[in-house]
Amino acid sequence: MENAKEKEYILSVLARNRSGVLLRIAGLFSRRCYNILSIVAAETENSQYSRILIVVSGDDRIVRQVDKQLNKLVDIEQVDVLPREGAVVREHILLKVERTLQNSERLIEIANVFRANILNVEKDSMILELTGDAATINSFIEMCNPYHVLKILRTGAMAMMK
Amino acid sequence: MQLTGAQIVMECLLEQGVDTVFGYPGGAVLNIYDALYEYRDRIRHIRTAHEQGAAHAADGYARATGKTGVCIATSGPGATNLVTGIATAYMDSVPMVAITGNVNLNLLGLDSFQEVDITGITMPITKHNFIVKDVNHLAEILREAFQIAQSGRKGPVLVDIPKDVTAHTCSFEPCVPPAPEKATMPPEEKFVQAVELLSHAQKPFIYCGGGVIASEASPILKEFVEKMDAPVSCSLMCQGGFDQESPRYMGMLGMHGTNTSALAIQNCDLFIAVGTRFSDRVLCNAGLFARHCPILQIDIDAAEFNKNIEVQLKIRGDAQRILEEICRRLEPQEHKEWMEQIQSWKAEFPLMQKGEKEEDVLPQEVLETLCRLTGGEALITTDVGQHQMWAAQYYTYKHPRQFISSGGLGTMGFGLGAAMGAQIACPEKQVINIAGDGSFHMNCNELSTVSSYGIPVIELVMNNSVLGMVRQWQKLFYGWRFSQTDVEGVTDFCKLAEAFGVKALRILRREEIEPVLKEALAWRGPVLIDCRISKDLNVLPMVPAGASVEEPILEM
Chain E
2 MENAKEKEYI LSVLARNRSG VLLRIAGLFS RRCYNILSIV AAETENSQYS RILIVVSGDD
62 RIVRQVDKQL NKLVDIEQVD VLPREGAVVR EHILLKVERT LQNSERLIEI ANVFRANILN
122 VEKDSMILEL TGDAATINSF IEMCNPYHVL KILRTGAMAM MK
Chain H
59 MQLTGAQIVM ECLLEQGVDT VFGYPGGAVL NIYDALYEYR DRIRHIRTAH EQGAAHAADG
119 YARATGKTGV CIATSGPGAT NLVTGIATAY MDSVPMVAIT GNVNLNLLGL DSFQEVDITG
179 ITMPITKHNF IVKDVNHLAE ILREAFQIAQ SGRKGPVLVD IPKDVTAHTC SFEPCVPPAP
239 EKATMPPEEK FVQAVELLSH AQKPFIYCGG GVIASEASPI LKEFVEKMDA PVSCSLMCQG
299 GFDQESPRYM GMLGMHGTNT SALAIQNCDL FIAVGTRFSD RVLCNAGLFA RHCPILQIDI
359 DAAEFNKNIE VQLKIRGDAQ RILEEICRRL EPQEHKEWME QIQSWKAEFP LMQKGEKEED
419 VLPQEVLETL CRLTGGEALI TTDVGQHQMW AAQYYTYKHP RQFISSGGLG TMGFGLGAAM
479 GAQIACPEKQ VINIAGDGSF HMNCNELSTV SSYGIPVIEL VMNNSVLGMV RQWQKLFYGW
539 RFSQTDVEGV TDFCKLAEAF GVKALRILRR EEIEPVLKEA LAWRGPVLID CRISKDLNVL
599 PMVPAGASVE EPILEM
């Protein structure tokens with residue numbers, strides 16, 4: 002029953018850039034038993050602040066608790082729970098795949114279909130780069146999988162209200 | 059004016075009106091202690107036996123006065139020894155500023171001697187903490203620390219200062235420190251909804267927590283209760299927040315609440331919670347708590363709404379101001395039958411302790427006698443365990459800040475330190491720590507502090523030679539297998555007290571209760587009373603784990 006209501010939520014957190022702020026946020030999640038699925042943090046246009054995007058899973062009640070508990074942290078200025086519909090959500094992936102004479106063309110074709118960039122080509126491997134929503138990135142990985150994926154680096158979700 | 063970091067610490071304490079601090083010197087705080095020497099005519103420093111005692115004393119000082127308690131410790135073990143005391147204050151929302159030294163800036167992060175990452179360690183148990191790496195930021199950080207400690211839901215803040223920062227100099231501008239931030243008032247519609255609910259209730263139940271005391275809301279609470287014509291129950295943290303001599307007072311609610319409170323919650327049609335966080339010790343089984351009626355909760359911390367229990371009407375803000383506004387809008391209510399029902403339950407189910415024999419020394423009699431002899435005006439602190447619950451049950455508290463106990467964290471060894479702090483804050487009051495022998499054993503070293511400073515507290519040890527509360531659970535749920543709870547010790551508490559230079563008395567028989575208490579109360583210095591009681595007494599009523607708060611066990 003509980004799991005049925007579990008959803009993914011994106012929190013956009015504006016925090017003062019003071020030492021340990023990421024630790025304070027991560028510590029809060031850990032001690033209150035909230036699950037972080039992904040986290041992306043970077044300085045904002047104002048260097049005194051960081052924007053931290055956190056994807057959490059949980060039910061509505063948990064997300065309201067996360068929101069309120071985060072708001073109690075002194076270094077946190079603002080917390081927004083972003084609705085999926087109203088936001089542009091983007092993830093980024095670097096994918097290194099094995100390159101052979103046989104699959105090279107096929108991989109370029111996949112890259113073209115997804116509009117992925119080819120960042121690097123070696124004799125026996127190539128690195129592809131893609132930005133997109135989670136579903137696009139998942140299917141991109143799925144398409145590449147048959148060609149022996151060597152390594153994946155994937156960021157968490159970045160999100161911005163429309 | 060050019061000052062050293064250590065002098066800036068002193069100036070900032072003075073700005074905040076701090077005249078007493080508790081602490082223990084050490085290498086990393088040598089500069090701070092040198093400044094304390096310089097400022098000794100304006101800031102009194104109490105050196106405890108152990109840093110934990112200093113933290114509990116600062117806590118007791120804060121709870122007794124409402125002011126921010128201050129403790130100081132050196133780096134490494136000094137700082138870690140504060141941790142239990144800080145966590146205790148955090149769980150009970152007590153305003154405190156803990157100042158720790160640390161190693162020099164260039165030694166940070168190198169596993170230097172007596173180095174510990176105390177800001178990392180205390181992150182989960184402080185409202186906020188700081189490490190000051192530049193003396194130019196020191197004053198502003200200390201001011202912010204005090205402001206945070208007292209704003210909104212109060213709590214402890216730690217400021218860690220590397221040793222060389224306390225030696226560095228910079229210019230210091232005295233200023234009026236920023237006042238604590240005031241909670242915003244809830245919107246109009248909340249009051250409309252509240253009055254609607256309150257004026258339609260036939261059988262309202264008012265339940266109060268520590269927030270009533272923190273927001274100094276006792277006088278307006280009294281007015282609200284009269285206006286509502288309702289019965290009142292208080293959590294452990296709100297003992298004295300409502301006058302217990304009032305016929306409206308039903309006793310505590312929760313695991314060791316009264317049967318009257320249990321019956322009242324079963325039958326009420328509106329549950330009004332003021333300044334409380336619905337701890338698991340109160341809810342018992344959260345799924346079975348007040349399911350049949352709406353709950354109106356007033357609290358300053360939004361995160362306490364719908365945390366442990368779903369609440370129908372949430373009003374966020376300062377309890378005092380919210381109750382004032384509600385009282386302004388609410389017509390006087392009348393619930394004659396309901397109040398009569400409460401009175402008849404109270405008469406039918408008084409709190410009562412039974413001994414095996416007529417001549418047994420019963421905590422009930424000890425505490426009721428103490429209450430009578432002190433006119434119900436003493437400031438009572440407690441340790442944690444059975445004696446703590448008895449102290450809450452059998453002494454009649456009339457005023458806020460009269461009962462000081464570790465509620466949330468349940469820290470054994472809290473009481474003596476807290477009593478010292480409370481006594482120093484309130485020299486005119488009679489301060490008595492009700493302890494158990496287990497709790498006393500944990501921090502009995504602080505007898506040396508009360509002795510050397512002549513702090514006239516009474517340490518009343520309910521000595522049953524067992525860890526009574528744990529043993530009670532073993533009786534109920536572990537088939538009388540008393541694993542490690544029989545502490546029948548060889549320690550002679552009286553001799554121990556005398557070794558510290560503390561007067562010692564003993565209660566062995568029932569007829570000694572009154573004369574010994576009288577003698578202790580008349581003594582001008584610190585006293586320990588070794589009060590021997592049976593190991594088989596239980597704290598009752600009791601709601602066993604998992605059961606509904608409505609169904610306490612009355613006898614066992």
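Read top to bottom, the protein sequences are chains E and H. Here my numbering is used: the first residue of the first sequence is 2, the next is one more, and so on. Here my numbering is used: the first residue of the second sequence is 59, the next is one more, and so on. Glycine included, every Cβ here is placed at the ideal spot set by N, Cα and C.
Under 8 Å, do residue i and residue j count as touching if we go by C-beta distance?
i, j, result
"L518 of chain H", "I591 of chain H", "no"
"L444 of chain H", "M313 of chain H", "Before going further, note that residue 444 of chain H is Gln rather than Leu in the sequence given. Contact flag unset, no."
"G298 of chain H", "Q460 of chain H", "yes"
"P262 of chain H", "C326 of chain H", "yes"
"G315 of chain H", "S291 of chain H", "yes"
"I462 of chain H", "T432 of chain H", "no"
"I356 of chain H", "V332 of chain H", "yes"
"I264 of chain H", "Q378 of chain H", "no"
"G157 of chain E", "L54 of chain E", "yes"
"I144 of chain H", "V79 of chain H", "no"
"D150 of chain H", "G583 of chain H", "no"
"L96 of chain E", "L129 of chain E", "yes"
"V128 of chain H", "L200 of chain H", "no"
Do we get a CB-CB distance below 8 Å when we pair residue i with the residues of chain E?
i, result
"M149 of chain H", "no"
"N325 of chain H", "no"
"F182 of chain H", "For clarity, residue 182 of chain H is Pro in the given sequence; the question names Phe instead. So, interface residue."
"T177 of chain H", "yes"
"A197 of chain H", "no"
"A207 of chain H", "no"
"A361 of chain H", "yes"
What are the boundary residues of the alpha helix (DSSP H) that includes residue i?
i, result
"S276 of chain H", "S276 to M286"
"P421 of chain H", "P421 to L431"
"Y91 of chain H", "L88 to E96"
"M478 of chain H", "G473 to A483"
"I571 of chain H", "I571 to A580"
"E398 of chain H", "K394 to E406"
"N72 of chain E", "D61 to K73"
"Y119 of chain H", "E109 to T123"
"A355 of chain H", "The sequence as given places Gln at residue 355 of chain H; Ala does not occur at that position. Looking at the DSSP string, Q355 of chain H is not in any alpha helix (DSSP H); the run it does join, the beta strand (DSSP E), is I353 to D357."
"F540 of chain H", "From DSSP, F540 of chain H is part of no alpha helix (DSSP H); its letter is neither H nor E."
I'd like to know if residue i contacts chain H, where contact means its C-beta is closer than 8 Å to some C-beta of that chain.
i, result
"M2 of chain E", "Since pLDDT at M2 of chain E reaches only 40, below the 50 mark, its modelled position is unreliable, and the value read off the structure follows with that caveat. By this cut-off, M2 of chain E is not an interface position."
"K73 of chain E", "yes"
"G133 of chain E", "no"
"K6 of chain E", "no"
"R17 of chain E", "no"
"K237 of chain E", "As shown, chain E starts at 2 and ends at 163. That puts residue 237 of chain E outside it, with no answer to give."
"G28 of chain E", "yes"
"Y10 of chain E", "no"
Buried or exposed for residue i, going by 16 or more other Cβ atoms inside 10 Å?
i, result
"V250 of chain H", "exposed"
"I153 of chain E", "exposed"
"H149 of chain E", "exposed"
"E173 of chain H", "buried"
"I119 of chain E", "exposed"
"F535 of chain H", "exposed"
"Q446 of chain H", "buried"
Along chain E, in chain order, which residues have C-beta atoms closer than 8 Å to that of residue i?
i, result
"N364 of chain H", "R62, R65 and Q66"
From which residue to which residue does the beta strand (DSSP E) around residue i run?
i, result
"K8 of chain E", "K8 to R17"
"D495 of chain H", "Not the beta strand (DSSP E): D495 of chain H falls in the alpha helix (DSSP H), residues D495 to N501."
"G81 of chain H", "T78 to G81"
"I373 of chain H", "L371 to R374"
"C129 of chain H", "G127 to A131"
"A43 of chain E", "N36 to E44"
"L518 of chain H", "I516 to N521"
"I199 of chain H", "Segment V193 to Q208 is the alpha helix (DSSP H) holding I199 of chain H; no beta strand (DSSP E) there."
Could you name the residues of chain E that residue i contacts, counting a contact when the two beta carbons are closer than 9 Å?
i, result
"H643 of chain H", "Any property of residue 643 of chain H remains undetermined from this structure, which presents chain H solely from 59 to 614."
List, in order along the chain, the chain H residues whose C-beta lies closer than 9 Å to that of residue i?
i, result
"G59 of chain E", "The premise fails here: G59 of chain E is roughly 14 Å from chain H at the closest Cβ pair, so nothing lies under 9 Å."
"K163 of chain E", "None at all; the shortest Cβ gap to chain H is about 28 Å."
"S21 of chain E", "The sequence as given places Gly at residue 21 of chain E; Ser does not occur at that position. Simply T177, G178, M181, N187 and I189."
Distance cutoff 8 Å, beta carbons only. Does residue i sit that close to anything in chain A?
i, result
"K97 of chain E", "The chain inventory of the structure shown lacks chain A, comprising the protein chains E and H."
List the residues of chain H whose Cβ lies closer than 7 Å to the Cβ of residue i, in chain order.
i, result
"R32 of chain E", "P182"
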